[in-house]
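Numbering (the UniProt record's numbering), first residue to last: 1 to 611.
Just so you know, even glycine gets a beta-carbon here, dropped at the ideal spot from N, CA and C.
All of these numbers come straight from a predicted model, not from anything done at the bench.
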């Protein structure tokens with residue numbers, strides 16, 4: 001029968017291998033892609049962090065110089081004396097001159113002086129002040145008064161630590177020149193009391209940021225931002241302008257950064273989900289942020305996808321080669337095996353050495369050759385059995401005698417015995433006729449106890465005349481309804497026969513066999529067959545029910561007590577069967593245990609005096 005390709009072993013093998021190779025290729029490619037993407041992001045983050053670290057170090061170096069100048073102004077004795085001196089006093093001029101010289105000298109020697117637009121030492125309670133200022137921003141105004149009017153003056157003055165001061169970027173407040181500054185105001189403490197006697201005002205020029213950040217090299221998809229207290233600014237040439245965007249930062253799940261103070265986040269931009277790498281500055285709330293845009297990764301992926309494609313194609317080619325090899329290795333042997341099986345089905349049982357390969361298929365070929373040999377042997381045996389069966393049927397046909405002829409002959413003998421006044425012969429002939437009827441009639445293996453007792457009486461009549469009346473048999477029935485209980489045919493006769501031949505006869509005295517029928521409980525029927533013979537030794541009882549005690553002398557001898565026990569247990573289970581109790585020289589009782597199951601007696605007209 002021609003099958004579709006996908007239903008053949010070859011087709012399924014090819015499809016399975018292709019599927020495995022396909023998934024393997026996809027899996028390896030995907031895994032390689034994920035590793036590459038992970039390493040690419042890690043490299044990009046660490047590279048960005050390194051660049052930002054160099055950038056922020058330069059800015060922080062300048063900030064350190066400026067912060068040092070602030071601390072110097074807050075603690076310098078000459079500046080403190082200036083703030084404590086009274087205008088118009090004798091030493092006011094000398095103190096002011098000395099303080100101005102010290103301030104100018106310190107300012108000029110500061111390495112970051114170019115990033116300080118204005119430095120003012122003053123007090124809210126006095127109009128005179130000391131100032132170092134870029135000439136472009138010099139004005140003739142009451143600077144201390146204007147400083148105290150700034151909205152953040154009180155906040156800066158009351159914040160104990162510079163690190164906690166909330167800074168902001170504002171337009172230059174004292175001139176009309178455009179430009180952004182970051183003002184810092186710090187208190188100058190009175191050395192004799194706990195209050196302040198003045199302040200230091202320092203205007204930080206944004207060139208500090210633009211000089212460093214503006215020259216930072218970025219790729220075409222990167223973006224560098226300056227962050228101050230949640231506000232983001234973009235560096236544009238020599239100016240700094242608001243970026244116009246608010247970044248929503250989400251913690252990056254993996255730690256790729258090298259330094260603990262570097263922060264990495266996810267953020268959504270117009271280009272998609274980007275990575276933000278943040279490095280803090282030495283000013284409170286200030287940091288530098290570089291955005292790594294998705295386009296930067298996509299550009300790298302374009303080159304990587306080509307490599308992935310080559311790997312995938314290589315795996316596919318290897319897979320096709322494997323499929324070709326496996327197909328050739330399996331398909332040809334399978335075809336030979338199929339042909340061999342077809343020949344066996346056609347009647348060719350010869351051995352075929354061409355299917356004996358050195359592989360599992362060769363083992364199958366060996367099994368097929370063995371199967372062929374076994375089939376040939378089986379056919380030969382079947383022919384022998386058929387021949388023997390035909391010969392047996394012929395011999396059986398020869399040995400068959402018409403039952404009606406036997407019954408008619410026995411009836412004739414009975415009639416002649418009656419005429420000749422020989423009642424014993426007539427009774428024995430009647431018993432034999434009934435016994436033959438029981439043996440030959442019906443095929444049912446189960447009968448009533450009533451039927452079994454009738455057969456037993458016919459058998460016993462024959463044996464009674466044989467032993468000249470030296471044996472007797474009595475029935476004791478406690479409940480007549482138990483006679484309708486079922487029992488396998490020929491279960492009691494072998495037991496009675498055993499009692500006669502092995503119990504009573506060896507004793508050489510008249511014997512009595514008692515048949516006791518009763519129900520020990522609602523689920524069990526028991527028949528005890530007791531004789532007053534020689535008894536049975538205890539050692540013999542243990543093996544009597546398992547050994548085959550039958551002989552070859554007659555039909556009944558062939559049944560045997562052990563066979564009766566096995567039949568009962570096979571029919572009803574291990575709870576039932578035979579049980580033997582005996583006392584040597586006194587008696588033997590064989591108990592037949594049956595389940596309580598009543599059946600209707602059919603097609604049996606024999607009557608007994610007991611049941």
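Remark: C-beta atoms of residue 228 and residue 185 do not approach each other more closely than 9 Å. For the set 131, 161, 136, the Cα lying nearest the Cα of residue 147 is the one of 131. Rounded to the nearest angstrom, the Cβ distance from residue 449 to residue 482 is 6 Å, consistent with a contact under 8 Å. Per DSSP, residue 116 is one residue of the beta strand (DSSP E) stretching across 116 to 122.
Per DSSP, residue 97 is one residue of the alpha helix (DSSP H) stretching across 92 to 109. For residue 510 and residue 583, the gap between their C-alpha atoms comes out near 18 Å. Within the same chain, 526 come within 8 Å of residue 520 by CB-CB distance, once the 5 residues on both sides are set aside. For residue 174 against residue 200, the beta-carbon gap comes to about 16 Å, at or over 8 Å, which does not count as contact. Residue pairing by DSSP places residue 187 opposite 199 in a beta bridge. As a beta-bridge residue in DSSP terms, residue 224 pairs with 290. As the crow flies, the alpha-carbon of residue 425 is around 39 Å from that of residue 391. Within 10 angstroms of the beta-carbon of residue 253 lie fewer than 16 other beta-carbons, which makes it exposed. Counting only residues of its own chain and dropping the five nearest sequence neighbours on each side, residue 18 has a CB closer than 8 Å to the CB of 319, 323. The beta carbons of residue 368 and residue 330 sit no closer together than 9 Å. Assigned with DSSP and collapsed to three states, residue 536 falls in coil, not helix or strand. Counting only the Cα atoms, residue 505 lies some 57 Å from residue 373. The straight-line gap separating the alpha-carbon atoms of residue 211 and residue 25 is approximately 51 Å. When the Cα atoms are used, residue 371 and residue 333 turn out to be separated by approximately 18 Å. DSSP places residue 473 in the strand class (E or B) of the three-state scheme.
The alpha helix (DSSP H) runs lying completely inside the stretch 119 to 159 and spanning 4 residues or more are 143 to 148, 153 to 158, given in chain order. Exposure of residue 88 is indicated by the presence of fewer than 16 other C-beta atoms within 10 angstroms of its C-beta. Within the stretch 504 to 534, the beta strand (DSSP E) runs of at least 3 residues that lie entirely inside it are, in chain order, 511 to 521, 524 to 531.
The three-state reading of DSSP puts residue 75 in helix, counting H, G and I together. Residue 588 sits away from residue 508, with the two beta carbons spaced by 9 Å or more.
Counting every other CB atom within 10 Å of its CB across the protein chains shown gives residue 141 a total below 16, marking it as exposed.
Of all alpha-carbon atoms in 112, 453, 31, the one lying nearest the alpha-carbon of residue 68 is that of 112.
Closest in alpha carbon position to residue 427, among 115, 492, 451, 461, is 461. Assignment of beta-bridge partners to residue 181 by DSSP yields 170, 205. Counting every other CB atom within 10 Å of its CB across the protein chains shown gives residue 459 a total of 16 or more, marking it as buried. By the neighbour-count criterion, in which a residue is buried when 16 or more other Cβ atoms sit within 10 angstroms of its Cβ, residue 472 is exposed.
Shown here, residue 455 sits in a helix according to DSSP, grouped into three states. Sixteen is the threshold: when 16 or more other Cβ atoms of the shown chains lie within 10 Å of the Cβ of residue 274, as they do, the residue is buried. If you look at residue 495, you'll find it in the alpha helix (DSSP H) that goes 493 to 498. Excluding its 5 nearest sequence neighbours in each direction, residue 65 has C-beta neighbours in its own chain below 6 Å: 110, 111, 112, listed in chain order.
At the C-beta level, residue 596 and residue 522 come within 9 Å of one another.
For the stretch 15 to 80, not one full-length alpha helix (DSSP H) segment reaches 4 residues or more.
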